[in-house]
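Protein chains in written order, with the working numbering: chain A, 2 to 413; chain B, 3 to 102; chain C, 16 to 181. Ideal placement from N, C-alpha and C gives every residue a C-beta, glycine not left out.
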């Protein structure tokens, strides 16, 4: 058995990693919908989901059950191949794009196979990611076309035009970062932002990375984030689904699990974009504090313990008995985790990278939801004008300015 | 290792299929796609030669071909849209008058 | 059979399947999908040869931009199934054999002239993005600038075509 494991470790280890990642991502997706409903509800002074489980915590489970058991009707006159292909393609590409993202700095050896936190470590991972997102448009366009519905078709048309337009700005806004780092690998880009004791100043956002020469990439970041929101079809760029104009746009004719696939894919690509923002501009797994401040290592446990205490406090006063059991349970688990991190410095050191990475990703996911609660949708012509006449020139200007800055101050 | 010949033979097959598609299809958009298929076949040959000779020149040419294909697609599809608007058909057989 | 050879045959089969499907499909959008399959398979072959940048560009530009444009136009014009008008008998009976013969001749010529060309080594260093860009901006800088001019002309052409007469 052991021999078998060491011999085929190159196959088994990635498969285990993939299974874990997919499971985690699907769970996070489910709770992202919960978070989104909660946050938007609070923005609009409502309560949001509250019935299923304490604070609506089991709502995603109920949604999942509903998705599985709903009838899956197929409208007349659909193009069968494309109609079935579209949701699978969308979900597959969304999940695949997570494969190249590194979540932490560590490398470790399992069964004699050296591996790392993340599925694949490719030296052109940024290009791979763009290639995958470039294909993602087909899912939406095909769904819109195959549904044999004029609203869907309009949604598909809008989405393909929007994605082509914003992909240019998306790609060009990253060129600045690639120029500074001199590397297409996401791992390389993060490592490049680790500049001694500068802490968060070393991030590409502030520009004091190893040879950034202090030229901030903030223009690039703004362009990137805007274009990425457009690529993921989220508010304020959600014209392909635009429920007030197009019913539900490209997925009007989808129900049950096929609709769930589009849904999961949308949230997964939100996660991917947040990860990319974190990696490219916010230093990935790097701590925002200077290296010499070793006490910041205890931040995760210091955050976990009060949070756990608060959940216990909130839980014991909850209305339902189930809540009075579940919430203190979660709180105790968090307390135990925080305590374990304090007690075992080895584990604490290990989770530093993933902790900062996930914390930053969470901030971006929150911004996504916040925007949905705040901004109105663009009109179609405004969308095109904004993309071509503002975003594209600005990102090209950023490329030119960055090259000049590297020429003057860079250390290539 | 895969011999270079295999790549070249595949390239030739794809090019031949591109020609077949170009001759047999009647839809103007599909004709355009057949041209893209032929360009792709040529690209494959370029990359195979480049790798086998150990020189990256061939890959630079592939980049040029892709740029030309993109420019061609932009203009060509513009022309196709205009033709389809004016003649209400995408069939190349119907595009047989110089002036409407 | 070594692993690269197996991968080659799988990808080659996918590419040929896509190309045949491009011919056989009646609806232009199915043809477009077949062509996308061919392009992705070719990108896989480029990766197999170690030409990573070209593979990425193949998918980003061909798959993500040019073919999206095709799909967009097909959807915009609401193209229906292809009309098969005015098919000449000669083309049907002589065309396919002749085209296949052409492909066969080329393939045979390649097969016979083989042996001179060494097998491509998946040597990432040879065609790293850095090498390619160095070459692009030194030796090939003149054609490179010309392509930018070409793109400019194409943009102008597209705008002129899109403009309505008023």
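- Taking the C-beta atoms as reference points, residue 31 of chain B is found nearer than 8 angstroms to residue 85 of chain C.
- In the displayed model, residue 175 of chain A falls within a helix according to three-state DSSP.
- Per DSSP, residue 108 of chain A is one residue of the beta strand (DSSP E) stretching across 108 to 111.
- Judged by pairs of C-beta atoms under 8 angstroms, the region 98 to 116 of chain A touches the region 130 to 139 of chain A, as three or more such pairs exist.
- No residue range can be given for residue 154 of chain C, since it is assigned to no alpha helix (DSSP H) and is classified by DSSP as neither H nor E.
- The Cβ neighbour count for residue 274 of chain A, taken over all protein chains shown within 10 Å, is at least 16; the residue is labelled buried.
- Residues of the region 20 to 31 of chain B with a C-beta less than 8 angstroms from any C-beta of chain C: 20, 21, 22, 23, 25, 26, 27, 28, 29 and 31, listed in chain order.
- Collapsing the DSSP output to three states places residue 252 of chain A in a helix.
- For residue 345 of chain A, the three-state secondary structure derived from DSSP is coil.
- The region 291 to 360 of chain A is shown to contain whole alpha helix (DSSP H) runs of 4 or more residues at 300 to 317 and 322 to 344, in chain order.
- Residues of the region 76 to 96 of chain C that bring their beta carbon within less than 9 angstroms of a beta carbon in chain A comprise 76, 78, 79, 80, 82, 83, 84, 86, 87, 89, 90, 91 and 93, in sequence order.
- Using a Cβ-Cβ cut-off of 8 angstroms, residue 153 of chain C does not count as an interface residue toward chain B, since no Cβ of chain B sits closer than that to its own.
- A check of alpha carbon separations from residue 156 of chain C across B:40, B:66, B:45 and B:5 identifies B:66 as the nearest.
- Between residue 123 of chain C and residue 9 of chain B, the alpha-carbon positions lie close to 13 angstroms from each other.
- Of all residues in the region 142 to 162 of chain A, those with a C-beta nearer than 7 angstroms to a C-beta of chain C are 142, 146, 154, 157, 158, 161 and 162, reading in chain order.
- In this structure, A:374 is the residue among A:388, A:392, A:374 and A:31 with its C-alpha nearest to the C-alpha of residue 45 of chain A.
- The criterion of a C-beta distance shorter than 8 angstroms is not satisfied by residue 183 of chain A and residue 221 of chain A.
- Within the same chain, and ignoring the five residues on either side of residue 393 of chain A in sequence, the residues whose Cβ sits closer than 6 angstroms to its Cβ are 169 and 170.
- The DSSP-derived three-state label of residue 42 of chain B is helix.
- Within the same chain, Cβ atoms closer than 7 angstroms to the Cβ of residue 251 of chain A are found at 141, 144, 145, 153, 156, 157, 160, 241 and 242, the five residues on either side in sequence being excluded.
- Secondary structure of residue 114 of chain A (DSSP, three-state): strand.
- Taking each of B:19, B:7 and B:101 in turn and checking the Cα distance to residue 37 of chain B, the smallest one comes out for B:19.
- Residue range 257 to 282 is occupied by the alpha helix (DSSP H) that includes residue 259 of chain A.
- Any Cβ of chain B closer than 8 angstroms to the Cβ of residue 176 of chain C would place that residue at the interface, and such an atom is present.
- Sequence-distant partners of residue 41 of chain B (beyond 5 residues in either direction) whose C-beta falls short of 7 angstroms from its own C-beta, in its chain, are 67 and 71.
- In the DSSP annotation of this structure, the continuous segment of the alpha helix (DSSP H) that includes residue 5 of chain A starts and ends at 3 to 8.
- When the beta-carbon positions are compared, residue 307 of chain A and residue 356 of chain A stay at least 8 angstroms from each other.
- Restricted to the region 89 to 155 of chain A, the alpha helix (DSSP H) segments that are unbroken, complete and at least 4 residues in length are 126 to 147, listed in chain order.
- Within chain B, 65, 66, 69, 70 and 73 have C-beta atoms less than 9 angstroms from the C-beta of residue 162 of chain C, given in sequence order.
- The Cβ atoms of residue 23 of chain A and residue 96 of chain A lie closer than 8 angstroms to each other.
- Nearest C-alpha to residue 65 of chain A among A:228, A:279, A:129 and A:256: A:256.
- Contact between the region 332 to 346 of chain A and the region 60 to 75 of chain A is absent: fewer than three C-beta pairs spanning the two stretches fall below 8 angstroms.
- Between residue 38 of chain C and chain A, the shortest Cβ-Cβ separation is not below 8 angstroms.
- Annotation: residue 378 of chain A is outside any alpha helix (DSSP H) and is labelled neither H nor E by DSSP.
- DSSP places residue 88 of chain B in the helix class (H, G or I) of the three-state scheme.
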